[in-house]
Every structure is written in structure tokens, then in C-alpha cells.
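Participant: Residue numbers (our numbering), protein chains in the order written: chain A, 19 to 276; chain B, 2 to 260.
Ideal Cβ positions, reconstructed from N, Cα and C, are used throughout, including at glycine.
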Amino acid sequence: MESINEIKRDSLNALLAAGKRGDNRGMHDYRKITIQAAPLQNAEGSAIATIGKSQVMAGIKFDVATPFADRPTEGVLSTSADLLPLASHLFETGPPGDESIELARVVDRGIRSANIIDLKSFFIEDGKVLAVYLDIYVLDHDGNLIDCSSLAAMAALMSARMPKIEGGKIVRGEFTGKLPIKEKVVTCTFGKLGDRIFLDPSLDEEKGMDTRLTLATTAQHLCAAQKGGWGTFSEKDILNALDISMQKGKELRALLPQ
Amino acid sequence: MQLNGDIMGGSAANKMPLLVGGKRVDGRGVEDLRNIKIVARVLNDADGSAYIEWGKNKILAGVYGPSECIPRHDQSLYRAVVKCRYSMAPFSGMEEHGRSGPNRRSKELSKVIKEAFENVIVSENFPKTQIEVYLEVLQSDGGTRCAAVTAAAVALADAGIPMKDMINAVAVCKIDGEMAVDPGKEEDNFGESDMPIAFSPRTGEVLLFQMDGLLTKDELERGFSLARSASDKIRQLQVDAIKKVYDEPREERFLVISK
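#1: What does the alpha-carbon distance come out to for the pair Leu208(B) and Ala170(B)?
#2: Could you give the distance in angstroms between the alpha-carbon of Gly94(B) and the alpha-carbon of Gly102(B)?
#3: How many Å lie between Val313(A) and Val134(B) at the Cα?
#4: What does DSSP give as the partner residue(s) for Gly49(B) in the beta ladder?
#5: Which residues, in chain order, does the region 70 to 99 of chain B contribute to contact with chain A at a C-beta distance below 7 Å?
#6: To the nearest angstrom, report how far apart Arg100(B) and Gln265(A) are at their CA atoms.
#7: Rounded C-beta distance between Gly247(A) and Ala174(A)? I'm assuming under 8 Å.
#8: Determine the chain A residues that contact Tyr65(B) at a beta-carbon separation under 7 Å, and present them in chain order.
#9: Considering only the beta carbon of each residue, do Gly214(B) and Lys175(B) sit closer than 9 Å?
#10: The alpha helix (DSSP H) with Ala158(B) in it runs from where to where?
#11: Against Gln54(A), what residues of chain B qualify as contacts under a CB-to-CB distance less than 8 Å, listed in chain order?
#12: Alpha carbon to alpha carbon, how far is Ser64(A) from Pro198(A)? Give it in angstroms, no decimals.
#13: Roughly how many whole angstroms lie between the Cα atoms of Asp158(A) and Tyr52(B)?
#14: Could you compute how far the alpha carbon of Ala13(B) sits from the alpha carbon of Ile119(A)?
#15: Are the beta-carbon atoms of Ile71(B) and Thr151(B) separated by less than 9 Å?
#16: Considering Cα atoms alone, identify which of Ser167(A), Phe193(A) and Ile164(A) is closest to Arg179(A).
#17: Taking 9 Å as the cut-off, decide whether the C-beta atoms of Ala47(B) and Leu136(B) are in contact.
#18: Check the DSSP bridge columns for Gln131(B) and list the partner residues they point to.
#19: How big is the Cα-Cα spacing for Thr16(A) and Ala61(A)?
#20: Closer than 9 Å between beta carbons: that is the criterion. Which residues of the region 21 to 53 of chain B meet it against chain A?
#21: Between which two residues does the alpha helix (DSSP H) harbouring Lys245(B) extend?
#22: If contact is defined by three or more beta carbon pairs under 8 Å, each pair taking one atom from either stretch, is the region 119 to 133 of chain A in contact with the region 78 to 98 of chain B?
#23: Should His159(A) be flagged as near chain B, meaning a C-beta pair shorter than 9 Å?
#24: Look up Gln265(A) in the DSSP assignment and say whether it is helix, strand or coil.
#25: Quick one: Cα of Ala41(B) to Cα of Ser259(B), how far?
#26: Please classify Asp7(B): is it buried, with 16 or more other beta-carbons within 10 angstroms of its beta-carbon, or exposed?
#27: Name, please, each residue of chain A whose Cβ falls closer than 8 Å to the Cβ of Gly102(B).
#28: With distances taken Cα to Cα, identify the nearest neighbour of His239(A) among Lys225(A), Asp218(A) and Asp261(A).
#29: Determine the direct distance from the alpha carbon of Ser177(A) to that of Ala55(A), and round the result to whole angstroms.
#30: Please check if any C-beta of chain D sits within less than 9 Å of the C-beta of Gln59(A).
#31: Could you pull out every residue in the same chain whose Cβ sits closer than 8 Å to the Cβ of Pro255(B), ignoring the five residues on either side in sequence?
#32: At the 9 Å Cβ level, is Gln276(A) part of the contact set with chain B, yes or no?
#33: Just reading off the alpha helix (DSSP H) that Ser118(A) is part of, what are its end residues?
#34: Would you list, in chain order, the members of the region 29 to 52 of chain A that have their beta-carbon closer than 8 Å to a beta-carbon of chain B?
#35: CA-CA distance, Ser124(B) and Val64(B)?
#36: Can you check whether the CB of Asp153(A) is closer than 9 Å to the CB of Lys79(A)?
In C-alpha cells form, the structure reads like this:
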């Protein structure tokens with residue numbers, strides 16, 4: 019496996035040196051992106067996002083839960099990610115590994131730090147709050163699962179309906195309106211090999227590249243970041259990547275349901 | 002997770018009428034299946050895949066193999082080992098958020114589904130290998146194991162794995178004293194009996210068989226006959242799904258879910 023990655027790295031290096039990518043994209047181009055909003059009915063919210071041949075489903079469920087002791091009046095947001103074994107020959111069954119935990123946490127961090135869900139409005143009564151569960155289900159892996167997952171997550175949240183609550187319990191199948199979402203958070207993930215930086219790494223590029231940078235943005239701000247892999251970025255690299263992320267963010271937000 | 006009505010052990014203690022003037026709660030007759038839609042090859046990385054909508058059930062099947070059997074102590078010198086994982090998404094039910102990871106129910110279903118396929122896969126062609134079947138229930142509406150078996154057979158065929166037959170499964174139930182095919186969620190929860198069966202349509206052999214509730218011998222016979230004629234209809238949908246992959250060749254494959 020390692021030797022194959024070395025070969026991929028050499029060919030990626032040669033391509034990038036010629037200013038090209040394997041699929042003839044520009045350095046700052048995404049592959050084709052599609053979004054299906056609300057494909058499911060039992061979940062309160064859902065979506066499927068695809069980038070290239072990567073496919074990710076996100077599902078939203080609401081439950082009544084006990085609040086955290088330090089925030090007794092705030093609702094709970096809980097994000098998890100499953101790298102389904104049917105999505106890739108690289109994934110195995112079993113408890114969540116490092117990669118799926120990082121994926122869930124990066125998606126969660128953007129949504130949480132931009133405060134796009136008003137968790138204070140999720141208070142029901144003393145000791146009871148609404149919990150929103152965001153589950154990321156990776157169905158097909160062709161690289162850049164972070165951006166694909168955050169698009170699916172955002173589209174699912176935007177499609178989510180608020181459950182009706184009666185006597186401290188959720189009345190299933192009845193809704194009081196849409197889940198209010200204040201802003202659209204999107205992520206842009208870059209790969210780096212040598213000193214070349216490119217947007218939306220495919221699986222082939224991920225295998226050959228040194229390092230990865232994800233920036234989550236709202237229309238105005240950077241709201242989460244994550245570097246991955248063993249390579250490094252300069253400060254200037256990161257500032258440049260932010261400029262591109264702000265600009266690409268507009269295009270990604272336009273793809274999300276309004 | 003007891004939230005989808007798809008558990009064995011429905012109770013007969015209710016008084017909700019399930020059959021009025023030959024019509025069931027959703028308007029079907031006793032011999033009618035719910036709407037079934039099957040699409041083969043909806044994933045890019047898996048060697049074979051299929052997606053099924055059966056009533057409100059939405060299930061994705063993916064197959065890998067034959068590939069080297071790991072860990073090696075699972076290997077057979079004589080045949081391919083079939084591995085199966087049936088799993089329900091935490092957002093698949095109407096009720097509360099489910100727990101992720103296998104539970105007793107999902108492990109039992111994985112086992113009986115695996116055993117059904119061990120009878121039809123020509124596994125002796127591939128010693129020391131494994132064939133992995135992954136079944137993901139994205140939305141559940143009663144009868145997920147039958148829909149999952151039906152989708153898995155199409156995914157295995159899509160992966161080019163030699164099989165003696167294109168198998169499928171369907172349940173029969175007893176509602177208000179009458180046998181009916183393909184119980185929906187309410188019938189599953191409140192019916193008097195539930196009996197999922199997988200047939201090999203070509204030979205008529207029974208590959209998966211479970212049952213709960215109370216039945217007479219006559220009712221069992223009537224159940225078999227209902228299931229068998231439903232199974233023939235489902236087989237046609239499976240064959241059509243596989244044909245469509247080759248009628249409409251495409252570079253990239255995507256899962257498209259009807260609303």
C-alpha cells in the first residue's frame with residue numbers, strides 16, 4: 019500500500035509541476051457538486067451531498083435530553099460520523115476510528131462556533147432540553163470527505179423541521195416549522211504537495227499529498243480550521259487559503275437550498 | 002432499537018382493526034405488495050451495489066469481493082467466506098435517535114441473511130477469499146430484513162459474484178385472522194403473526210425462515226403460497242434492475258432517493 023502511495027506521490031508531483039491536475043481541473047476548482055435536500059421522511063432533516071464520486075448522507079434527529087450541568091438551559095448538539103464499510107475498500111467495520119472522529123469534530127466545530135443554531139431556544143423545562151443529533155453517513159469515498167460532509171450536514175440542518183413538543187415530550191410526525199438557521203457554514207479543504215496547494219483533493223491526490231488544510235467560513239468570518247497530515251503550511255499559505263475559501267464559500271452557499 | 006416495528010414479537014393484545022372488507026390499513030388487498038423500486042449500481046467504490054425502496058423502507062446494499070480473507074483464521078481452504086453486516090442508521094426510525102453500532106437484533110439479522118446467501122453463492126470457486134455484504138437501513142418502515150435480502154442479491158449480482166439463483170425475501174402476516182403478504186409497520190406491530198421467508202425462486206427452496214405469533218398448519222400453508230407468488234413478482238424487479246445497468250452504461254453512479 020505504501021509503495022503505491024509513493025508512486026501516486028511521484029505522478030502527482032509531476033502533474034503539479036506542469037501546473038495540471040489528474041482530472042484537468044484548475045488548482046482552485048471543485049469537482050462537480052450536487053445536493054439532494056430532504057430525501058428521508060422519518061428523520062427530521064436529511065440531505066445527500068456529492069463531490070465528484072464522493073457521496074455523503076446527513077440525517078437529523080431530535081430527542082428530549084438532560085442538559086449539561088454547566089449549561090442547564092441550553093439544548094444539546096451532538097455530531098457523529100460513520101465511514102460506512104460499503105463506502106470504500108479502505109474502511110473497515112468496527113467502532114469509530116481516528117479518521118471518522120476527526121471528520122465529525124471538524125464539521126461540528128464550524129457549525130458550533132458560528133452559533134448558527136440557537137441552542138438557548140431548545141430549553142423545554144427544568145432538566146429537559148431538546149437535543150439535535152447530526153449523523154454523517156459516508157456512502158462513497160472519492161476524497162475530500164470533510165467538504166462533502168459539511169455540505170450534507172448544512173443542507174440537512176436547513177431542511178430540518180422542529181418537532182412539536184407537548185407535556186415535555188416530542189409528538190412524532192408533527193412539526194412547528196423549520197429549524198431556524200442563522201448562517202450557512204461551509205468548509206474548503208486544500209491539499210499540499212511540495213509548495214503547491216490545490217483545492218478539493220480527490221482520493222488519488224489525498225494518497226499522494228503531504229498535508230491538508232480545512233477552513234470553515236461564514237459569509238463574513240473564518241469559524242473553524244483544521245490542519246491534517248505531517249507536512250506544514252506557512253502563514254502566507256493559510257492567509258491565501260482564507261482568501262480562496264471566502265470566495266469559494268459564496269459559490270458553495272449558492273448551491274445549498276435557500 | 003424497538004422503534005420501527007420490525008422486531009420479532011408483535012403483540013396481539015390490540016384491538017385496532019387491520020382488515021376491513023378485504024382492505025388493509027393502507028388500502029392494499031391481502032395479496033398486494035407495497036411499491037418496490039430497485040436500482041442497481043448506485044455507488045462507485047463498491048464492487049457491487051443496489052438501492053431499494055420498499056414502501057417507506059430505504060435500504061442501501063454494498064458488496065466487496067471476492068478478496069483475500071482477513072483475518073486469516075477466518076479463511077476456508079474450500080470456499081469463499083460470506084460476511085454480512087446489517088445495520089440501521091441512527092436516523093432511520095420515526096421515534097428517538099438510535100444508538101450506532103451493532104445490537105442483538107442487528108447481529109441476529111446479519112447472521113440469518115449471511116446464511117441465506119451461503120446457499121446460493123457459488124463460493125467453492127473462490128477458496129481463501131471473503132465476500133462482504135453491507136446492508137444499511139437509511140429509513141425503516143417494517144420489513145427491513147426482507148428488503149435488505151432483496152437488495153443484497155442485486156448488489157451481489159452487480160458485483161459479478163456467481164450465484165445459483167437471484168433470491169429475495171418477503172414476509173407474510175396474520176391480520177384479524179387472515180393471512181396477508183408484506184406487512185407494513187402497523188401490521189408488523191399489531192398483527193397476530195409475522196413470518197419472513199427468503200425463497201430461491203428457481204428451486205423453491207426456503208433459505209431464510211423466521212416466524213412469531215400463532216398459526217395453524219393451514220395458515221402456514223396459505224402463508225407459503227402468498228409469499229411464493231409475491232417472490233416471483235419481486236424477482237422480476239431484481240432482474241430488471243440488473244438489466245438497466247447494462248442498458249444505460251455510465252461512468253459515475255449516484256444514489257438518488259425518491260421523496
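Facilitator: From the atom records:
#1: Position 207 of the second sequence, counted from the start, is the residue given in the question as residue 208(B). Position 169 of the second sequence, counted from the start, is the residue given in the question as residue 170(B). Going by the C-alpha atoms only, they are around 9 Å apart.
#2: In the second sequence, residue 94(B) corresponds to position 93, counting from 1. In the second sequence, residue 102(B) corresponds to position 101, counting from 1. Near 15 Å, if we compare the C-alpha coordinates of Gly102(B) and Gly94(B).
#3: Because chain A spans 19 through 276 in this model, residue 313(A) falls outside it and cannot be assessed.
#4: Taking the first residue of the second sequence as 1, we reach residue 49(B) at position 48. Residue pairing by DSSP puts Gly49(B) in a beta bridge opposite Val64(B).
#5: So the list reads Arg86, Ala90, Pro91, Phe92, Ser93, Gly94, Met95, Glu96, Glu97 and His98, given in the order they occur along the chain.
#6: Position 99 of the second sequence, counting from 1, holds the residue named residue 100(B). Position 247 of the first sequence, counting from 1, holds the residue named residue 265(A). Straight-line spacing of the CA atoms in Arg100(B) and Gln265(A) works out to 39 Å.
#7: Here residue 247(A) corresponds to residue number 229 of the first sequence, with the count starting at 1. Here residue 174(A) corresponds to residue number 156 of the first sequence, with the count starting at 1. Going by Cβ atoms, the distance from Gly247(A) to Ala174(A) rounds to 28 Å, so no, they are not a contact pair.
#8: By one-based count along the second sequence, residue 65(B) stands at place 64. Listed along the chain, the chain A residues whose CB falls inside 7 Å of the CB of Tyr65(B) are His107.
#9: As a position in the second sequence, residue 214(B) is number 213, starting the count at 1. As a position in the second sequence, residue 175(B) is number 174, starting the count at 1. Cβ atoms of Gly214(B) and Lys175(B): closer than 9 Å.
#10: If you number the second sequence from 1, residue 158(B) lands on position 157. Residues Thr145 to Asp159.
#11: Along the first sequence, one-based indexing puts residue 54(A) at 36. Near Gln54(A) (Cβ distances below 8 Å), the residues of chain B are Val257 and Ile258.
#12: Translated into the one-based positions of the first sequence, residue 198(A) becomes position 180. Translated into the one-based positions of the first sequence, residue 64(A) becomes position 46. Spanning the two alpha carbons is a distance of roughly 15 Å.
#13: By one-based count along the first sequence, residue 158(A) stands at place 140. By one-based count along the second sequence, residue 52(B) stands at place 51. If I take the Cα positions, the gap works out to 13 Å.
#14: Looking up residue 13(B) in the second sequence gives position 12. Looking up residue 119(A) in the first sequence gives position 101. Caution is warranted here: a pLDDT of 46 is assigned to Ala13(B), below 50, making its placement in the model unreliable, and the coordinate value is therefore given only provisionally. Rounded to whole angstroms, the separation of the alpha carbons of Ile119(A) and Ala13(B) is 44 Å.
#15: Residue mapping note: residue 71(B) aligns to position 70 of the second sequence, counting from 1. Residue mapping note: residue 151(B) aligns to position 150 of the second sequence, counting from 1. Going by C-beta atoms, Ile71(B) is not nearer than 9 Å to Thr151(B).
#16: Locating residue 179(A) in the first sequence gives position 161, counting from the first residue. Considering only alpha carbons, the answer is Phe193(A).
#17: Within the second sequence, residue 47(B) is the residue found at index 46, counting from 1. Within the second sequence, residue 136(B) is the residue found at index 135, counting from 1. For Ala47(B) and Leu136(B), no; Cβs fall outside 9 Å.
#18: Residue 131(B) sits at position 130 when you count from the first residue of the second sequence. By DSSP's assignment, Gln131(B) forms a beta bridge with Ser68(B) and Val82(B).
#19: Because chain A spans 19 through 276 in this model, residue 16(A) falls outside it and cannot be assessed.
#20: Those would be Val43, Leu44, Asn45, Asp46, Ala47, Asp48 and Ser50, in chain order.
#21: What you label residue 245(B) is simply residue 244 of the second sequence in a count that begins at 1. It spans Lys218 to Asp248 - the alpha helix (DSSP H) in which Lys245(B) sits, taken as one unbroken run.
#22: Short answer: they don't touch.
#23: On the first sequence, residue 159(A) is found 141 positions in, with the first residue counted as 1. Yes - at least one Cβ of chain B is within 9 Å of the one on His159(A).
#24: Numbered from 1 along the first sequence, position 247 holds the residue referred to as residue 265(A). Correct three-state label for Gln265(A): helix.
#25: By one-based count along the second sequence, residue 41(B) stands at place 40. By one-based count along the second sequence, residue 259(B) stands at place 258. Approximately 15 Å between the Cα atoms of the pair.
#26: One-based indexing of the second sequence puts residue 7(B) at position 6. Low confidence applies to Asp7(B): its pLDDT is 42, below 50, so where it sits in the model is not reliable enough to give any reading.
#27: For the purposes of this step, residue 102(B) is taken as residue 101 along the second sequence, with counting starting at 1. Within 8 Å of the CB of Gly102(B), the CB atoms of chain A belong to Pro113, in sequence order along the chain.
#28: Sequence index remark: in the first sequence, residue 239(A) carries index 221 (1-based). Among Lys225(A), Asp218(A) and Asp261(A), the Cα nearest to that of His239(A) is on Asp261(A).
#29: Translated into the one-based positions of the first sequence, residue 55(A) becomes position 37. Translated into the one-based positions of the first sequence, residue 177(A) becomes position 159. In a straight line, the C-alpha of Ala55(A) is about 6 Å away from that of Ser177(A).
#30: You won't find chain D in this structure, because its protein chains are A and B.
#31: Taking the second sequence and counting its residues from 1, the one referred to as residue 255(B) is at position 254. Per the sequence shown, the amino acid found at residue 255(B) is Phe instead of Pro. Result list for Phe255(B): Val43, in chain order.
#32: Counting from 1 along the first sequence, the entry for residue 276(A) is found at position 258. Taking CB atoms only, Gln276(A) has no neighbour in chain B less than 9 Å away.
#33: As a working mapping, residue 118(A) is identified with position 100 in the first sequence. Element bounds for Ser118(A): Asp116 to Ser131.
#34: Taking 8 Å as the Cβ-Cβ cut-off against chain B, the residues of the region 29 to 52 of chain A that qualify are Thr52.
#35: Position 123 of the second sequence holds residue 124(B). Position 63 of the second sequence holds residue 64(B). C-alpha of Ser124(B) to C-alpha of Val64(B): approximately 14 Å in a straight line.
#36: By 1-based counting over the first sequence, the position of residue 79(A) is 61. By 1-based counting over the first sequence, the position of residue 153(A) is 135. Cβ atoms of Lys79(A) and Asp153(A): closer than 9 Å.
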